[in-house]
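So the sequence shown is residues 355 to 689, counted in the numbering used here. Glycine included, each C-beta is placed from N, C-alpha and C at the ideal position. Worksheet: the structure to be examined is printed underneath.
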Amino acid sequence: MLTFTIRRLLMAIPTLLFISLVIFLLLELAPGDPLADMPLTIPPEVREKMRIALGLDQPWHVRYLLWIKSLFITEPAHWIDAALGTDLAGGAQRILSYQTRGPVFDTMFERLPQTMTVVGMGYVVGVLIALPIGIISAYRQYSWFDQVGTFISMVGFSVPTFVTGVVLIVVFSVWLGWFPSIYDTTLKVTDWASFWKQVRQMVMPVFVLALYNAAQISRYMRASMLDNLTQDYVRTARAKGLSERVVVMKHVLRNSMIPVVTVIALGVPGVFTGAIITENVFKVNGLGQQLLLSIQGNDAPMVLTISFIFAVLIVLFNLIADVLYGILDPRIRYD
């Protein structure tokens, strides 16, 4: 397993470099000017100086290599300097946003807590709901619980999150007034009153994301359980006199989790990049909203960095899913 993990990590390096190059070229070919939002009263010579200051006068391959250098050398050196008080970066220029003119990673770290709080909680709640629903639905196939679970899953999976979010806002914010429709990112939790306010503003976005995630994962869980419940080893376990609880929760569930682990693991990177639509519906000041604003503003460094981080997380959690295969199924031997 250790050899397999090291080999996969080494293979991930050229994969991620190729992905970064593809994303960079796509942004390079996309129409739009980073200075398009600047006032038209700015003289052309000043506009040209701003273009040079942003490095836009350099060829694309020079800008790509500079971005790679900043990402893998300058940014880690800057973080070490900030933590230990050293001077490894030596004043080297960091990756700057075209819109804010500030370091890209500073903006990302400012928005990450909001994304992790709302989107992360929505994903965790969705997984915790999906697994028991999928298990019970499969074990009691065609029962009323299975029918209700299937209906709710179809609704959650087929109805877009922006529709679900708007419906919740109309019902629970406009009509009933129970929850705020706009997420207050400046709220600081200092006492029970502010904690309760934080919970109230998280309820609707978390529910929207949890419903969508639970609908998808519960379907995978149900299908995998149904496939294993009819296997010969289940009949053998029952014939040996094992209790139904041991058969289902120990033997069937363990084998059924193998494909579901992939779905859950590959869904985790989406937590870090934010749920773009849901964050915009509830005005959550997270990474998803930042990514959308950066795309609209032709902020190539911000879009490129966030997209690359997303690719890194996908590769990482794909590796974690493969490692979990070996833990869940001892028959798998990568070495």
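Can you tell me the Cβ-Cβ gap for residue i and residue j, rounded? I've got them flagged as a contact below 8 Å.
i	j	result
Ala569	Thr616	Not quite, the Cβ-Cβ distance comes to about 17 Å (not below 8 Å), so this is no contact.
Ser572	Gly503	7 Å
Leu541	Gln552	6 Å
Ser527	Pro655	Between Pro655 and Ser527 the Cβ distance is about 36 Å, and since that is not below 8 Å, they are no contact.
Ala446	Met575	The Cβ separation is near 49 Å, so there is no contact.
Less than 7 Å between C-beta atoms, sequence neighbours within five positions excluded: which residues of the same chain meet that for residue i?
i	result
Asp441	Asp435
Lys637	Ile536, Tyr537
Gly510	Leu565, Tyr566, Ala568, Ala569
Phe443	Just to set this straight, residue 443 is Ala in the shown sequence, not Phe. Closer than 7 Å at the Cβ level, and outside the excluded window around Ala443, lie Thr428, Ala431, His432, Asp435.
Arg405	Leu389, Asp411
Using DSSP bridges, identify the partner residues of residue i.
i	result
Pro457	Leu450
Between which two residues does the alpha helix (DSSP H) containing residue i stretch?
i	result
Met508	498-512
Ile360	356-383
Leu482	475-493
Thr515	515-522
Identify, in the order they occur along the chain, each residue of the same chain with its Cβ nearer than 6 Å to the Cβ of residue i, setting aside the five sequence neighbours on each side.
i	result
Ile660	Leu645
Ser374	Phe662
Ser507	Ala569, Ser572, Arg573
Ser610	Ser578, Met579, Asn582
Leu371	none
Gly474	Val625
Asn652	Gly386, Pro388
Ile631	Thr515, Phe516
Tyr418	Phe378
Ala591	Val601, His605
Ser648	Met656, Val657
Glu633	Gly640, Gly642, Gln643
Leu425	none
Near residue i, which residues of its chain fall below 8 Å by C-beta distance, leaving aside the five closest residues on each side in sequence?
i	result
Phe549	Val543
Ala665	Leu370, Ile373, Ser374, Ile377
Val622	Tyr477, Leu667, Phe671
Val588	Asn582, Val601, His605, Val606
Leu331	Since the first and last residues shown for the chain are 355 and 689, residue 331 lies out of range.
Leu420	Gly409, Gln412
Margin query: Quick check on the DSSP output: what are the complete alpha helix (DSSP H) runs of length 4 or more inside the region 538-592, in order along the chain?
Written below: Secondary structure in the region 538-592: the alpha helix (DSSP H) runs of 4 residues or longer, each lying completely within the stretch, are 546-583 in chain order.
Next item on the list: Scan the region 391-437 and note each continuous alpha helix (DSSP H) run of 4 residues or more that stays entirely inside, going in chain order.
Entry: 398-407, 414-423
Next item on the list: Scan the region 616-686 and note each continuous beta strand (DSSP E) run of 3 residues or more that stays entirely inside, going in chain order.
Entry: none
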